[in-house]
Amino acid sequence: TKRFGEFAIGKPQQHIASRAHLVAVTENAMAYEHGQRTLVDEIQGVGIDMEKSWATVGDADVSAGCQANQDAQWIRADAAFPSGDQGPPRFPGCRCSSRYRVVREA
1 TKRFGEFAIG
11 KPQQHIASRA
21 HLVAVTENAM
31 AYEHGQRTLV
41 DEIQGVGIDM
51 EKSWATVGDA
61 DVSAGCQANQ
71 DAQWIRADAA
81 FPSGDQGPPR
91 FPGCRCSSRY
101 RVVREA
């Protein structure tokens, strides 16, 4: 309908065809990351320490903030990344993801 027509116009990110697609991609990323985090919280709930890292797609379009988060490498699962975010996505259309692993004993 005309009311939602604006969602089909424009390219807020070069890899996104429309605002509607941008919303769908962003919501999907948020759901995926939330699912991962829920599992990590359950694992930590039984006493297994976890850590996380930020993963970019590694191309020239990666933002400085996302790159700084990736450069932080592995941090505690409950810590914030340098950007202040707990995990991706940092913004609509962000192509980053998080990785988790069990803390290795020193």
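Under full-length UniProt numbering, the first residue of the sequence shown is numbered 1, with each subsequent residue one higher.
Idealized CB from N, CA, C, for every residue including glycine.
Going by DSSP, what residue range makes up the alpha helix (DSSP H) through residue i?
{"i": "E42", "result": "19-45"}
{"i": "D71", "result": "64-71"}
Check residue i in the structure and name its three-state DSSP category.
{"i": "A55", "result": "strand"}
{"i": "S98", "result": "strand"}
{"i": "I48", "result": "coil"}
Could you give the distance in angstroms between the alpha-carbon of residue i and the alpha-carbon of residue j?
{"i": "R90", "j": "C66", "result": "8 Å"}
{"i": "residue 107", "j": "A55", "result": "Residue numbering for the chain in the displayed model covers 1 to 106; residue 107 lies beyond these limits and cannot be assessed."}
{"i": "D59", "j": "R104", "result": "30 Å"}
{"i": "I75", "j": "D41", "result": "15 Å"}
{"i": "L39", "j": "R99", "result": "12 Å"}
{"i": "A68", "j": "D85", "result": "11 Å"}
{"i": "E27", "j": "G47", "result": "31 Å"}
{"i": "F81", "j": "H21", "result": "27 Å"}
{"i": "residue 118", "j": "D78", "result": "Any question about residue 118 goes unanswered here, given that the chain covers just 1 to 106."}
Which word fits residue i, buried or exposed, when buried means at least 16 other C-beta atoms lie within 10 angstroms of its C-beta?
{"i": "P12", "result": "Only weak support exists for where P12 lies, its pLDDT of 45 falling under 50; the value from the coordinates is given anyway. So P12 ends up on the exposed side."}
{"i": "A29", "result": "buried"}
Counting only C-beta atoms, is residue i closer than 8 Å to chain D at any point?
{"i": "A68", "result": "Absence of chain D from the displayed structure is noted, only one protein chain being present."}
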